[in-house]
Amino acid sequence: MSRYDSFVTDVLVIGAGLAGERAAVEAATQGLNVILLSLVPPRRSHSSAAQGGMQAALGNSAMGKGDSPDVHFADTVKGSDWGCDQDVARLFVETAPIAVREMAHWGVPWTRVTKDEHVYDGKVIHEDPENAGLITARNFGGTAKWRTCYTSDGAGHTLLYTLDSMVLRLGITVHDRVEALSLIHDSERCYGAVARCLRTGELRAYTAKTTVIATGGYGRLYGASTNAIINEGSGLSLALDTGVVPLGNMEAVQFHPTGLVPSWILITEGARGDGGYLLDKNLHRFMPDYEPAKKELASRDVVSRRIMQHIRAGYGVESPYGDHVWLDIRHLGAEHINTNLREIATICKNFRGIDPVKDLIPVRPTQHYGMGGVRTNIDGQAYGLKNLFALGEAACWDLHGFNRLGGNSLAETVVAGKIIGEQIAKFTAEASLDVKSSLVEEHLHRQMDRVTRLRESRDGTEYVYDLRREMEQILSHHVGIFRSEDSLQDAVNQLSDLHERAQRLGLRGGGHGGDPELDAALRLPGMIRVAYCIAKGALARKESRGSHFREDFPHRDDANWLNRTLAYWPEGADEPELRYEPVKITESPPGDRGYGEATRGPDSAKP
Amino acid sequence: MIERELTFRIMRYNPDEPEKKPHLQEFHLTEEPGMSLFVVLNKLREEQDPTLRFDFVCRASICGSCGMLVNGRPTLACKTLTKDLPDVTTLLPLPVFKLLGDLSVDTGVWFRDMSFRTESWVHTDETFDPDAPEKRMDNAVALEIYEAERCIECGCCIGGCATANIKPDFIGAAGVNRVARFMVDPRDKRTEREYFEVVGNEDGVFGCIGLMACDDNCPVGVPLRDQLAYVRRKMASAGWRYQKV
Ligand SMILES: Cc1cc2nc3c(=O)[nH]c(=O)nc-3n(C[C@H](O)[C@H](O)[C@H](O)COP(=O)(O)OP(=O)(O)OC[C@H]3O[C@@H](n4cnc5c(N)ncnc54)[C@H](O)[C@@H]3O)c2cc1C
Ligand code: FES
Numbered sequence: 019m020s021r022y023d024s025f026v027t028d029v030l031v032i033g034a035g036l037a038g039e040r041a042a043v044e045a046a047t048q049g050l051n052v053i054l055l056s057l058v059p060p061r062r063s064h065s066s067a068a069q070g071g072m073q074a075a076l077g078n079s080a081m082g083k084g085d086s087p088d089v090h091f092a093d094t095v096k097g098s099d100w101g102c103d104q105d106v107a108r109l110f111v112e113t114a115p116i117a118v119r120e121m122a123h124w125g126v127p128w129t130r131v132t133k134d135e136h137v138y139d140g141k142v143i144h145e146d147p148e149n150a151g152l153i154t155a156r157n158f159g160g161t162a163k164w165r166t167c168y169t170s171d172g173a174g175h176t177l178l179y180t181l182d183s184m185v186l187r188l189g190i191t192v193h194d195r196v197e198a199l200s201l202i203h204d205s206e207r208c209y210g211a212v213a214r215c216l217r218t219g220e221l222r223a224y225t226a227k228t229t230v231i232a233t234g235g236y237g238r239l240y241g242a243s244t245n246a247i248i249n250e251g252s253g254l255s256l257a258l259d260t261g262v263v264p265l266g267n268m269e270a271v272q273f274h275p276t277g278l279v280p281s282w283i284l285i286t287e288g289a290r291g292d293g294g295y296l297l298d299k300n301l302h303r304f305m306p307d308y309e310p311a312k313k314e315l316a317s318r319d320v321v322s323r324r325i326m327q328h329i330r331a332g333y334g335v336e337s338p339y340g341d342h343v344w345l346d347i348r349h350l351g352a353e354h355i356n357t358n359l360r361e362i363a364t365i366c367k368n369f370r371g372i373d374p375v376k377d378l379i380p381v382r383p384t385q386h387y388g389m390g391g392v393r394t395n396i397d398g399q400a401y402g403l404k405n406l407f408a409l410g411e412a413a414c415w416d417l418h419g420f421n422r423l424g425g426n427s428l429a430e431t432v433v434a435g436k437i438i439g440e441q442i443a444k445f446t447a448e449a450s451l452d453v454k455s456s457l458v459e460e461h462l463h464r465q466m467d468r469v470t471r472l473r474e475s476r477d478g479t480e481y482v483y484d485l486r487r488e489m490e491q492i493l494s495h496h497v498g499i500f501r502s503e504d505s506l507q508d509a510v511n512q513l514s515d516l517h518e519r520a521q522r523l524g525l526r527g528g529g530h531g532g533d534p535e536l537d538a539a540l541r542l543p544g545m546i547r548v549a550y551c552i553a554k555g556a557l558a559r560k561e562s563r564g565s566h567f568r569e570d571f572p573h574r575d576d577a578n579w580l581n582r583t584l585a586y587w588p589e590g591a592d593e594p595e596l597r598y599e600p601v602k603i604t605e606s607p608p609g610d611r612g613y614g615e616a617t618r619g620p621d622s623a624k625p
Numbered sequence: 014m015i016e017r018e019l020t021f022r023i024m025r026y027n028p029d030e031p032e033k034k035p036h037l038q039e040f041h042l043t044e045e046p047g048m049s050l051f052v053v054l055n056k057l058r059e060e061q062d063p064t065l066r067f068d069f070v071c072r073a074s075i076c077g078s079c080g081m082l083v084n085g086r087p088t089l090a091c092k093t094l095t096k097d098l099p100d101v102t103t104l105l106p107l108p109v110f111k112l113l114g115d116l117s118v119d120t121g122v123w124f125r126d127m128s129f130r131t132e133s134w135v136h137t138d139e140t141f142d143p144d145a146p147e148k149r150m151d152n153a154v155a156l157e158i159y160e161a162e163r164c165i166e167c168g169c170c171i172g173g174c175a176t177a178n179i180k181p182d183f184i185g186a187a188g189v190n191r192v193a194r195f196m197v198d199p200r201d202k203r204t205e206r207e208y209f210e211v212v213g214n215e216d217g218v219f220g221c222i223g224l225m226a227c228d229d230n231c232p233v234g235v236p237l238r239d240q241l242a243y244v245r246r247k248m249a250s251a252g253w254r255y256q257k258v
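One line per chain: the protein sequences are C and D, in this order. So the number in the working numbering is just where the residue sits in the first sequence, counting from 1, plus 18. So the number in the working numbering is just where the residue sits in the second sequence, counting from 1, plus 13.
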């Protein structure tokens, strides 16, 4: 056995974004030893890129008056197309206001209510002077009230910097530039993880009483995505590869209506929330034709579909990168754009050379968020393996069902971090760490063997970047916004083939030290398995719900499909196995969302 | 449009192979419309040399991962478009920070150390009351805090700073700005004297010799010149007072 570094701790948190750090803070506050792992320095985690804000029913702003956890609950459940677990949604909405205030206590400079009047969509808004100085909110899609708390254009940034300041203050150990490669487990219980130092390439063993997956999203499986390039779903394959932990609802993939063409950098929903319009090639504002009530601010799945529907009807603007529509925020004025939406102005200038104060912004729906993830119960415990928890975007808690509302994800990270962090602390206080060293070595060996085989190209010479490109294209072409049987079957067949080829990867470079090609080659097979779960789940689900839209089954089918997909990858299998479980409905029986195709059929609105 | 043939001279060094001295390697590729250095470097890695090391995370000038010297100037590679570059471009890693390989440097460790030294968290004895409404804050104050908090820790101000290049312990503009962020925050109960102990010295705010390259180099436009002046003013008067007592 070659030498390797090993670390022992009470709680091992894989992922130092908002979810991981919030849970770590909770566990450390309760006196536990915590190690946080991250691919990058914590503050560079993808959470920092969220510009819009987080939802919490504070009801301080004039347009949020009368808001309450009940209204937030109704919006969330409706947004999920009744696919979420309602006990989780209830717990979430009740805790969100506390979590947002706690973040204020720790240092987030939330934007506050002012006495100035402002104009929105032609109406003058007067704030209640009594509320001046309290945390204010902006408008986001799919919500009955203005509920999204924000810090100018940097909600995720300030939340993450503040949480990380708590990590510093509590002296929590952080190992950055470290990637977890596999969980150490015996199919009953999890004992930690095998990881690789991305600086030196050395393998390490981390053993822990409790292991937590908080690795964020998988957007990069779809080449075109608003996500950071490190969002490759490796945390999901950690769980899937145990053979016993399922991924929930992987077919539920959110496309954000406004990715900037062609870099696919996100133009935040704040742009439409603050009053931006969507225009077609004739500069006609088309959303009111389809969605007279919510217009540009119907839920994301609906706006994305309406845009694609309008483009398909011939109203898109032609471009070398495919047809797109325009986002128009010019009428908001230079001052508003350069403070509250500054990041948008910067992005437009830097990446497209345009100024949104006077130019139109070319946008198109782009992969943005995964509602699916490691399936857990309401306490955050993963299905199938003891001593394993998951939270944040990597988890399927399941708050979002088939469509997440903008602002509910940042909120989920800190709310779940608080609640599940407490559960982790409670659980760990009772747990012991008795792991056989042979088990640790067995798992280490498996990874060492993979490294050697790749370096020596023992299994073949398939090139990681070629296969990766193919995977991205399969998902983008066949498992996008509009889905149908033949196309999905194609995707499944191609992914099956690709998965086999991924067993024959070999390196072109040497693969020594922190070699990027080796990083990628170690990751890719797991990514393809996660992609397979997405495609197979989508093929099996013969209805339309939230973001999952089947052209051949355009309606929601509660009689047969009011359930959650659980995708397992049994050891040695060459494809995932799908099972289903019921959705928890406690308060709100399935109904009409009040926007989207159920309310106005796809042909009802021809502009 | 006539396609340009671009040349990139990129510094190569692998700490695992110390016998191979750092050197510039030349790469060529054809320019594409809207091309950024993010696209260029990934293309080079995927198509020409899979061992090339560099860091990107957000590719949208938000996360601060991709600082490097582009023709001698520290900036974010992801927001550098090739249309603004000459035919031949030299890419070097940011100086001051530990080199991990090629263009990849360990800014994360540097910033963590600086954050510890400046005790970058809100110092308060108040405990959080989950049942109480939040403490009020004037929105102007919130905006002022955010103005300093906007730093993305990319290290461009440090890599381009003459003082930081010769004094390894100097906290630089990023460090001084960090102190400013907490000084303007009414939730932080530190006294001027406590701040003085942290930054009122030659490795802190008095180490700056006022060349102000940082102010020009900041890729997100944090007003570093103003922040430096603010902290220096406060610390100068504090120093004067404490020396008298
Ligand atoms: C551009 C953009 C804007 C957004 N804006 C908003 C918004 O305004 N409001 C909102 O509510 N939501 C928004 N979202 C969604 C939201 O930002 C994310 O869902 C959320 O931040 C995810 O947080 P997280 O902690 O779960 O994961 P992340 O912040 O992605 O963190 C994941 C962590 O895991 C680590 N990691 C991953 N894999 C491994 C591994 N194998 N080993 C070790 N470490 C690993 C990473 O290094 C990182 O530290 C936005 C998303 C995008 C893409
Ligand atoms: S990659 Fe994030 S700033 Fe350049």
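Note that the Cβ used here is the ideal one computed from N, Cα and C, for glycine as well. As the structure is a computational prediction, the values presented were derived from the model and not from experiment.
Does any CB atom of chain D fall closer than 9 Å to the CB of residue i?
i: P625 of chain C; result: Note that P625 of chain C scores a pLDDT of 36, beneath 50, so its modelled location is shaky and nothing firm can be said.
i: T154 of chain C; result: yes
i: E44 of chain C; result: no
i: W629 of chain C; result: This structure cannot speak to residue 629 of chain C, because chain C is shown only from 19 to 625.
i: H175 of chain C; result: yes
i: E120 of chain C; result: yes
i: P338 of chain C; result: yes
i: L36 of chain C; result: no
What in chain C is Cβ-close to residue i, meaning under 8 Å?
i: R25 of chain D; result: None at all; the shortest Cβ gap to chain C is about 12 Å.
i: A155 of chain D; result: P127, W128, T129, R130, T169
Can you list, in chain order, the residues of its chain with a C-beta nearer than 8 Å to that of residue i? Leave out the 5 residues immediately preceding and following it.
i: L36 of chain C; result: S63, S65, G174, L177, L178, L181, G410, L428, T431, V432, G435
i: G528 of chain C; result: R473
i: L107 of chain D; result: G80, M81, L82, P87, V118, T120, G168, C169, I171, G172
i: A161 of chain D; result: N190, R191, A193, R194, V197, V235, Q240
Which same chain residues, not among the five before or five after residue i, have their C-beta less than 6 Å away from its C-beta?
i: A242 of chain D; result: none
i: G402 of chain C; result: V262, V263
i: M81 of chain C; result: W164
Determine, using beta carbons only, whether residue i comes closer than 9 Å to chain C.
i: A73 of chain D; result: yes
i: Y208 of chain D; result: no
i: F21 of chain D; result: no
i: T106 of chain D; result: What sits at residue 106 of chain D in the sequence shown is Pro, not Thr. False, the Cβ-Cβ gap to chain C never drops below 9 Å.
At 7 Å on the CB atoms, spell out the chain C contacts of residue i, in chain order.
i: V70 of chain D; result: V58, R62, A246, I247, I248
i: M196 of chain D; result: Residues of chain C passing the Cβ test: none, with the nearest at roughly 13 Å.
Cβ closer than 8 Å: which chain D residues qualify as neighbours of residue i?
i: M184 of chain C; result: W134
i: A67 of chain C; result: C71, A73, I75, C76
Which residues in chain D have a C-beta closer than 7 Å to the C-beta of residue i? List them in chain order.
i: H530 of chain C; result: D29
i: E535 of chain C; result: P63, T64
Can you give the Cα-Cα distance for residue i and residue j, rounded to whole angstroms?
i: A34 of chain C; j: P607 of chain C; result: 37 Å
i: C174 of chain D; j: G49 of chain C; result: 41 Å
i: P275 of chain C; j: I329 of chain C; result: 13 Å
i: V122 of chain D; j: P59 of chain C; result: 8 Å
i: S78 of chain D; j: L113 of chain D; result: 13 Å
i: K34 of chain D; j: I23 of chain D; result: 14 Å
i: K313 of chain C; j: D292 of chain C; result: 13 Å
i: S450 of chain C; j: A213 of chain C; result: 22 Å
i: H349 of chain C; j: R360 of chain C; result: 15 Å
Report the neighbours of residue i on chain C: residues whose CB is nearer than 9 Å to its CB, in chain order.
i: F124 of chain D; result: P59, R61
Does any heavy atom of ligand 3 sit closer than 8 Å to the C-beta of residue i?
i: Q465 of chain C; result: With respect to ligand 3, the structure shown offers nothing to examine, as its ligands consist of ligand 1 and ligand 2.
Suppose the cutoff is 7 Å on Cβ atoms and the five residues either side in sequence are ignored; what does the same chain contact list for residue i look like?
i: L105 of chain D; result: M24, M81, L82
i: R156 of chain C; result: G71, W164, T166, Y168, G288, G291, D292
Problem - alpha helix (DSSP H) segments (min. 4 residues) lying fully within the segment 19 to 49 of chain D - result: none
Practice task
Please specify which runs of the alpha helix (DSSP H), each continuous and at least 4 residues long, are wholly inside the segment 121 to 186 of chain D, giving them in chain order.
Solution key: 152 to 162, 169 to 172, 175 to 179
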